[in-house]
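Each remark here refers to the structure printed beneath this line.
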Amino acid sequence: MSERIEGDEYRVSDEERARFAADGYVHLRGVLRDDELDELAETYDRFLRREIEVPGHDYCDMAGDYGRAPEDFSIVNVMVPRRYHPAWQGNIYERRAASIARQLQGPDMVLDYDQLLAKQPWKDDAVFAWHQDMAYWPDTPDTRTATTWLALDASTEENGCMRFVPATNREPALRPHTPQFGGRGESHALGTELRPGDEVVSVPIARGDVTVHNERVMHGSGGNRTAGFRRAYVVAFRSATTVQTERRLGFTHSHNDEPEVLDRVGIEGETR
Ligand SMILES: O=C(O)CCC(=O)C(=O)O
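For the sequence shown, our numbering assigns the number 1143 to the initial residue and increments by one for each residue that follows.
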């Protein structure tokens, strides 16, 4: 059991804080206990069985276009699940992740959005394209972000764990991103290319561990070559003023946001 946990708090060490600042991501062990994970997984699986209704493009495949039939999805993506299942708001993961975000990025971090990313078994194409999260979002003066990625199943090389290119967060400009499966009306996924010399680090993590990444580090993940699901639960924190600005622009991270709002971000070749 993690001695780092005290109620809603998870204690991040100075070394982990330094690693997050330098590399753009960090692996934190033992953030949720087994009983806490079991309870979250029960609701998670209700989303996967579609017992909790998720409208429009907030239930989609991140490895294909919006035309794919749900039974063929490779990466089941549920956007903003706490909106569709309000009982999740304020759950233990949100509270502990908030304590982590504040230690990594400052006391003004607030929850911006949540997301479920479940790779179906035996899906070679359950590949999350290389990207920097900021390419998906409107430009704002303060971009600080802590995105916590919780493994509900052990996340391995074989089932498609997260991969990072350390220190890309310190490059002077975002890399150019392009839509992966047609325009913004046809799919949500954006991607960018590895460059010669990029060092790729795979980060397998245990059930109950999290990785935390910032808005600029380049990351992605490979297919699922196992008989089991790879279930991840993401909660992202940004500064209160940034979240206010996003909402003023009509940007909520829902894939059902107005098309003209989504069109303003993630444009081919755009750099910031
Ligand atoms: O779950 C994955 O493989 C990718 C997740 C991701 O890109 C993100 O949370 O920003």
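The beta-carbon is built from N, C-alpha and C at its ideal position, and this holds for glycine as well.
Cβ-Cβ separation between Q1262 and A1268: approximately 7 Å, consistent with a contact (criterion under 8 Å). Within its own chain, the residues whose Cβ lies closer than 7 Å to the Cβ of V1407, once the five positions on either side in sequence are excluded, are Y1278, W1279, P1280, listed in chain order.
Counted as a single uninterrupted DSSP element, the stretch harbouring V1269 is not any alpha helix (DSSP H), since DSSP gives it neither H nor E. Between the alpha carbons of R1326 and L1332 lies a gap of roughly 9 Å. In this chain, A1369 is not harboured by any beta strand (DSSP E), its DSSP state being neither H nor E. The count of Cβ pairs closer than 8 Å, one atom from the region 1357–1367 and one from the region 1147–1167, reaches three, so the stretches are in contact.
Here the distance from the Cβ of D1256 to the nearest heavy atom of ligand 1 is not below 6 Å. The three-state reading of DSSP puts I1347 in strand, counting E and B together. Out of A1160, L1259, S1344, the CA that lies nearest to the CA of Q1247 is found in A1160. When DSSP states are grouped into helix, strand and coil, W1264 belongs to the coil group.
Between the alpha carbons of L1316 and Y1152 lies a distance of about 31 Å. Positions of the beta strand (DSSP E) runs, each at least 3 residues long and wholly inside the region 1322–1347, are given as 1343–1345 in order along the chain.
At least one heavy atom of ligand 1 lies closer than 6 Å to the C-beta of A1374. Counting only unbroken stretches of 4 or more residues, the alpha helix (DSSP H) elements lying wholly within the region 1201–1251 are 1223–1226, 1234–1247, in sequence order. In the structure shown, the three-state DSSP call for T1185 is helix.
If you draw a straight line from the Cα of E1400 to the Cα of G1209, it comes to about 19 Å. Per DSSP, the continuous beta strand (DSSP E) segment holding L1292 begins and ends at 1287–1293. Within the model, the alpha-carbon separation for G1232 versus R1373 is close to 20 Å.
Using a Cβ-Cβ distance cut-off of 8 Å, the region 1232–1245 and the region 1196–1211 are not in contact, since fewer than three pairs of beta carbons, one from each stretch, lie closer than that value.
DSSP places R1312 outside any alpha helix (DSSP H), giving it a letter other than H or E.
Spanning the alpha carbons of D1266 and L1182 requires a straight line of approximately 27 Å. If you look at F1306, you'll find it in the beta strand (DSSP E) that goes 1304–1307. Taking every protein chain shown into account, the CB of Q1274 has 16 or more other CB atoms within 10 angstroms, so this residue is buried. In the three-state reduction of the DSSP assignment, R1380 falls in the strand class. Of the candidates R1225, T1387, H1330, the residue whose Cα lies closest to the Cα of V1218 is H1330.
Of the heavy atoms belonging to ligand 1, at least one sits nearer than 6 Å to the Cβ of D1275. Ligand 1 approaches S1363 closely enough that one of its heavy atoms is under 6 Å from the residue's Cβ. In terms of Cβ geometry, V1377 and T1285 do not form a close pair [threshold 7 Å].
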